[in-house]
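Read the structure below first, then the notes.
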Amino acid sequence: MKKPKVLVAPLNWGLGHASRVIPIIDRLIKANFSVIIAADGAAFDYLCQEFPNLQTIKFPDLKIKYSKKHLVFKIFLQSPKIIYNAFVEHYLLKKIIKKHHIGLVISDNRFGLWNKHTYNIFISHQLNLIFPKKLSFFTPVYQAFLKSIIKKYDECWVPDFPGNHNLSGYLSHPALIPSKTKYIGPISRFNRYHHNALLKTKYDLLFILSGPEPQRTIFENIILKQIKNRTLRTALVRGTQTSFNVNSSVDVYNVVHSEQLFKLMQQSKLVVCRSGYSSIMDLIIAKKNAILVPTPGQTEQEYLANHLKSWNQFYFVLQQNFNLDHALLNGQLLTTSNLELENNVDQEINRLKLLMQ
Numbered sequence: 023m024k025k026p027k028v029l030v031a032p033l034n035w036g037l038g039h040a041s042r043v044i045p046i047i048d049r050l051i052k053a054n055f056s057v058i059i060a061a062d063g064a065a066f067d068y069l070c071q072e073f074p075n076l077q078t079i080k081f082p083d084l085k086i087k088y089s090k091k092h093l094v095f096k097i098f099l100q101s102p103k104i105i106y107n108a109f110v111e112h113y114l115l116k117k118i119i120k121k122h123h124i125g126l127v128i129s130d131n132r133f134g135l136w137n138k139h140t141y142n143i144f145i146s147h148q149l150n151l152i153f154p155k156k157l158s159f160f161t162p163v164y165q166a167f168l169k170s171i172i173k174k175y176d177e178c179w180v181p182d183f184p185g186n187h188n189l190s191g192y193l194s195h196p197a198l199i200p201s202k203t204k205y206i207g208p209i210s211r212f213n214r215y216h217h218n219a220l221l222k223t224k225y226d227l228l229f230i231l232s233g234p235e236p237q238r239t240i241f242e243n244i245i246l247k248q249i250k251n252r253t254l255r256t257a258l259v260r261g262t263q264t265s266f267n268v269n270s271s272v273d274v275y276n277v278v279h280s281e282q283l284f285k286l287m288q289q290s291k292l293v294v295c296r297s298g299y300s301s302i303m304d305l306i307i308a309k310k311n312a313i314l315v316p317t318p319g320q321t322e323q324e325y326l327a328n329h330l331k332s333w334n335q336f337y338f339v340l341q342q343n344f345n346l347d348h349a350l351l352n353g354q355l356l357t358t359s360n361l362e363l364e365n366n367v368d369q370e371i372n373r374l375k376l377l378m379q
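Those letters in the sequence shown? Residues 23 to 379, per the numbering used here, in order.
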């Protein structure tokens, strides 16, 4: 029997979308699917590193421009380009399906990757989008647009729990949930690894930088200034290959493989990182306490950090207010969650396998 072919295509806005499809790809391979990865930019490079033996297709780079302060507004202004790109990818998908005989398409937030000749799944944790106050009038327009997109797909997978006890709050739990929606539970690239109780603590602090420029560099400079001349055991994962003047008191890593990042987390007392949703799922699976510092201008990250602060596993501080002494003090007050975050991805993929036969 031929293996059913599946195209997995995450959005390239940061590495969050790419990292969270890793456990899905793992399970597709385990279920004997033939997986093809389609992406662009850093997401493409990252997944090629994680899955060097899989077939890949490179989409044209969208090249979204970012802003220092008003990120959502800047992206809003580029919405015509984003919509046009969705049409381009929809056209490209027709060629890909014909050439590679694709039967299943899994799109993580790529709007145009659906086709009437395939079974199509859309992954998103943003069934609601939080706009800045000046753009709040646009909320119902976006909701109508997203509803029309989801209708094109056969299913919509949300990587969270249903009900009130959840990770993403308002973002993925609207008053009216689309009928095709399935809550599959949190998914993380760390689902493939096991905790090693024998690993000794190596670092007091682990800084993990991510997200668009120039905010990544701005936060990096804030961190380096505040850890200078301290005796803290510190590691810094920069999330970029750009040049860097190494501070001898800090262990610096540019870009690391998922397994190495998981190990670094296990070896660290406290993590400081962005509050992107994929990063939060990584922290929860790794059972790590963290100081969350949202990317300025990203209302979603600010909401998530504030939403999860009540768990007392995370402390939330704005980048412009970041103070290392306060972070260390509040980090001592955090409690590690023992919440069991199971997902039902295996069940869903086994169902898809039967569907493809």
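Even glycine gets a Cβ: it sits at the ideal position worked out from N, Cα and C. The model shown is predicted, which means the values in this text are computed figures rather than measured ones.
Top-ranked residue by Cα proximity to residue 71, from 37, 55, 54 and 104: Taking the Cα of residue 71 as reference, the smallest distance to any Cα among 37, 55, 54 and 104 is reached at 37.
Rounded to whole angstroms, what's the CA-CA distance from residue 334 to residue 77? Just pull it up for me. Approximately 42 Å, taken between the alpha carbons.
Is it buried or exposed, residue 195, if we count other Cβ atoms within 10 angstroms and call 16 or more buried? Classified as buried, residue 195 has 16 or more neighbouring CB atoms from the shown chains inside 10 Å of its CB.
Could you tell me the alpha carbon to alpha carbon distance between residue 64 and residue 345, rounded to whole angstroms? For the pair residue 64 and residue 345, the Cα-to-Cα distance works out to about 30 Å.
Which of the three DSSP states is assigned to residue 130 in this structure? Residue state, collapsed to three classes: strand.
Taking 9 Å as the threshold (C-beta atoms), are residue 278 and residue 229 in contact? With respect to the 9 Å criterion, residue 229 and residue 278 are not classified as neighbours on the basis of their beta carbons.
If you draw a straight line from the C-alpha of residue 109 to the C-alpha of residue 134, how long is it? Cα-Cα distance, rounded: 6 Å.
Assigned secondary structure, residue 142 (DSSP; H/G/I helix, E/B strand, else coil): Taken through DSSP and simplified to helix, strand or coil, residue 142 comes out as strand.
Do residue 290 and residue 210 count as a contact pair if the criterion is CB distance below 9 Å? Going by C-beta atoms, residue 210 is not nearer than 9 Å to residue 290.
Backbone CA spacing between residue 103 and residue 131 [nearest angstrom]: Distance between the alpha carbons of residue 103 and residue 131: 15 Å.
In terms of residue numbering, what span does the alpha helix (DSSP H) encompassing residue 163 cover? Per DSSP, residue 163 belongs to the alpha helix (DSSP H) from 161-174.
With a cut-off of 8 Å on the beta carbons, I'd call residue 315 and residue 241 a contact; round off their distance for me. Between residue 241 and residue 315 the Cβ distance is about 7 Å, and since that is below 8 Å, they are a contact.
What are the partner residues of residue 178, as DSSP defines its beta bridges? Note: residue 178 sits in a beta bridge opposite 144 and 203.
Reduced DSSP category for residue 110 - H, G, I as helix; E, B as strand; rest coil: Residue state, collapsed to three classes: helix.
For residue 245, collect the residues of the same chain with a Cβ closer than 6 Å to its Cβ; drop the 5 residues on either side in sequence, then sort them by chain order. The residues 229, in chain order, have a CB closer than 6 Å to that of residue 245 in the same chain once the five nearest residues on each side in sequence are set aside.
In three-state DSSP terms, what is residue 256? The three-state secondary structure of residue 256, taken from DSSP, is strand.
Compare the beta carbon distance of residue 25 and residue 58 with 9 Å and say whether it is the shorter of the two. In this structure, residue 58 does not lie closer than 9 Å to residue 25 by Cβ.
Determine the extent of the alpha helix (DSSP H) in which residue 280 is found, giving its start and end residues. Secondary structure note for residue 280: its alpha helix (DSSP H) is the uninterrupted segment 280-288.
Can you tell me where the alpha helix (DSSP H) holding residue 367 begins and where it ends? For residue 367, the uninterrupted alpha helix (DSSP H) segment begins and ends at 367-378.
For the segment 206-220 against the segment 154-170, do three or more pairs of beta-carbon atoms, one drawn from each stretch, fall closer than 8 Å, so that the two count as touching? In short, these stretches do not touch, since the Cβ pair count stays below three.
For the candidate residues 252, 350, 258 and 298, whose alpha-carbon lies nearest to that of residue 282? Among 252, 350, 258 and 298, the Cα nearest to that of residue 282 is on 258.
Simplified DSSP state of residue 77, which is helix, strand or coil: Look at residue 77 here: in three-state DSSP terms it is strand.
Any C-beta of chain B sitting closer than 9 Å to the C-beta of residue 301? Any reference to chain B falls outside this structure, which holds one protein chain only.
Buried or exposed for residue 146, going by 16 or more other Cβ atoms inside 10 Å? With 16 or more Cβ atoms within 10 Å of its Cβ, residue 146 is classed as buried.
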